[in-house]
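One line per chain: the protein sequences are A and B, in this order.
Following the working numbering, the numbering of the first sequence begins with 1 at its first residue and continues without gaps.
Following the working numbering, the numbering of the second sequence begins with 1 at its first residue and continues without gaps.
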Amino acid sequence: GENVEQHPSTLSVQEGDSAVIKCTYSDSASNYFPWYKQELGKRPQLIIDIRSNVGEKKDQRIAVTLNKTAKHFSLHITETQPEDSAVYFCAALNQAGTALIFGKGTTLSVSS
Amino acid sequence: ETGVTQSPTHLIKTRGQQVTLRCSSQSGHNTVSWYQQALGQGPQFIFQYYREEENGRGNFPPRFSGLQFPNYSSELNVNALELDDSALYLCAYYSTRGEQFFGPGTRLTVL
């Protein structure tokens, strides 16, 4: 079935460093790839997304890249801050367009 | 935050019982999805409702059922609760751009 793999499962960086989280997906028909940030005890919050007709999208310190040929997409956070500490989930929309298939999450810790 | 509300916030049930969880959106979107998030995992798709009809279903047994009402609010019903049903249950509404925004979730504990 459809699957999304996410790496690494944990990531520790110093404040000001960059962080990169990578995902691969199995369904070549997927065309929408959102990223969610989930703080402890809270709901997943959409932070950025990308559609298959573009290769890169930026929003301030956050960027997402997509390689459709390799079925890879990545989240890049620059100039990390302690408030970036959270669990980050990548997802891919299934072929039917009804369900987001999520990765297992990356716990990002930013130390000051 | 997103205008999506869920009730109750927390719930404790025992094995074999039945539970109903509720979700609504201030904006009255016509598409709602439900997800189960076990501890330490990503959300897993349960099903989607569009204009009161089930429009897609994940790998969940029939004891997970749902409803969507004319005002587009929604319910998730789970019968014959099992210990593994303990999880955070999230509903999500779609924006006009197709983005999914989650409600705050209901934390279900099955003892």
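We put the CB at the ideal spot given by N, CA and C, even for glycine.
Looking at chain B, is there any beta carbon in it that lies within less than 8 Å of the beta carbon of residue i?
i                     : result
residue 118 (chain A) : Within the shown structure, residues of chain A are numbered from 1 to 112, placing residue 118 (chain A) beyond reach of any answer.
residue 8 (chain A)   : no
residue 59 (chain A)  : no
residue 99 (chain A)  : yes
State yes or no: is the beta carbon of residue i nearer than 8 Å to at least one beta carbon in chain A?
i                     : result
residue 24 (chain B)  : no
residue 61 (chain B)  : no
residue 42 (chain B)  : yes
residue 33 (chain B)  : yes
residue 30 (chain B)  : no
residue 8 (chain B)   : no
residue 90 (chain B)  : yes
residue 120 (chain B) : With chain B covering 1 to 111 only, the question about residue 120 (chain B) has no answer from this structure.
residue 99 (chain B)  : yes
residue 48 (chain B)  : yes
residue 102 (chain B) : yes
In terms of DSSP beta bridges, what is residue i paired with?
i                    : result
residue 77 (chain B) : B:20 and B:65
residue 57 (chain B) : B:47
residue 7 (chain B)  : B:22
residue 42 (chain A) : Bridge partners of residue 42 (chain A): none, in fact.
Starting from residue i, follow the beta strand (DSSP E) in both directions and report where the run begins and ends.
i                     : result
residue 34 (chain A)  : 32-38
residue 117 (chain B) : Beyond the ends of chain B as shown, which are 1 and 111, falls residue 117 (chain B); an answer cannot be given.
residue 31 (chain B)  : 31-37
residue 86 (chain A)  : 86-93
residue 107 (chain A) : 106-111
Secondary structure, beta strand (DSSP E): runs of 3+ residues fully inside the stretch 46-71 of chain A: 56-59 and 62-67
Cβ-based contacts, 7 Å cut-off: residues of the stretch 72-97 of chain A near chain B: 89 and 96
Positions along the stretch 20-32 of chain A whose CB lies within less than 9 Å of some CB in chain B: Result list: 32.
Interface residues of the stretch 44-55 of chain A facing chain B [CB-CB below 8 Å]: 44, 45, 46 and 49
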